Amino acid sequence: MKCMERKLTCRGGKVKGICGCCDKCAKVLNENCGGVYYYLGKCDKDLVCKPLIKTRRRKLWPGKGRCVRKVKRERKQSDEPGNDSQQCRPKCSPEFCRKRPRAICSATGGVALFERTCSSQCQLTSCRACYYEEEASCSKCSPEDYKCLRRFALCIKKKTCTRKRYPCQIRRTPIGPRKLFRCHVPDCP
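Mapping to the numbering used here: the sequence shown position 184 is 356, numbers consecutive.
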């Protein structure tokens with residue numbers, strides 16, 4: 173499709189038209205916008221098309237609407253310096269999960285048994301998926317000592333596996349010395 177060669181004098185910025193190839197004037201504050209394929213126009217920068225009537229298809233194409241300012245939500249600063257990402261609260265901890273056993277919490281900071289890369293950085297899970305795990309009392313090995321590494325693997329297997337149940341099952345234990353608080357984070361779909 174060839175665009176008409178005309179000089180645009182817009183009150184706002186420029187946006188692409190229905191075809192996605194030709195420039196059009198962006199709609200400014202309180203102007204009509206939206207519709208199927210945005211035939212009424214798209215809003216300027218920092219504005220959104222708020223539909224006059226809410227419909228289920230709003231994400232695909234908003235109905236006829238008006239351009240309004242985007243609502244900017246301020247994020248609370250994280251406790252960690254230099255971290256402007258979303259806050260991961262509440263944290264999964266024995267105290268939190270004891271008070272609220274059905275709550276959703278963030279398994280960050282070494283609490284997650286396996287971190288899921290497709291999950292948000294907060295590694296959200298339920299307190300019901302958290303438990304105490306007995307710390308393995310197996311030997312420590314250097315990365316080059318293969319004999320020791322094999323003994324370590326056998327030791328871990330003895331502590332966590334049975335012949336009847338494979339893959340290995342984790343033994344959940346009551347609170348006590350040398351117990352680690354762990355949480356399972358759900359796998360990705």
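We put the CB at the ideal spot given by N, CA and C, even for glycine. Predicted, not measured: the structure shown is a model, and the values here were computed from it.
Based on the DSSP output, what are the partners of Arg354 in its beta bridges?
Beta-bridge pairing links Arg354 to Tyr303.
Flag this pair as touching only if the region 192 to 212 and the region 176 to 184 have three or more C-beta atom pairs under 8 Å; answer yes or no.
They touch, by the three-pair rule.
What did DSSP end up calling Lys188 once you bin it into helix, strand or coil?
In this structure, DSSP gives Lys188 an extended state, which the three-state scheme calls strand.
Would Val283 pass as a contact of Cys355 if the rule is Cβ separation under 8 Å?
A contact, by the Cβ cut-off of 8 Å.
How long is the line joining the alpha carbons of Cys297 and Gly207, rounded to whole angstroms?
The sequence shown places Thr at residue 297, not Cys. C-alpha of Thr297 to C-alpha of Gly207: approximately 39 Å in a straight line.
CB of Ala284 to nearest heavy atom of the ligand ADP: below 7 Å?
Absent from the structure shown: the ligand ADP. Ligands present: none.
Phe268 and Tyr304: beta carbons closer than 8 Å?
In this structure, Tyr304 does not lie closer than 8 Å to Phe268 by Cβ.
Could you check the C-alpha separation between Cys193 and Gly281 for me, to the nearest Å?
Using only the alpha carbons, I get a separation of about 47 Å.
Give the straight-line distance between the Cα atoms of Arg288 and Ala301, rounded to the nearest whole angstrom.
Just so you know, the alpha carbons of Arg288 and Ala301 end up roughly 15 Å apart.
Tell me which same chain residues have a C-beta within less than 6 Å of the C-beta of Lys217, skipping the five on either side of it?
Spatial neighbours of Lys217 in its own chain (CB-CB distance under 6 Å, excluding positions within 5 residues in sequence) are listed in chain order as Gly185.
Can you check which of these residues, Phe286, Val243, Lys242, Gln295, is closest to Ile276 by C-alpha distance?
The candidate whose alpha carbon is nearest that of Ile276 is Gln295.
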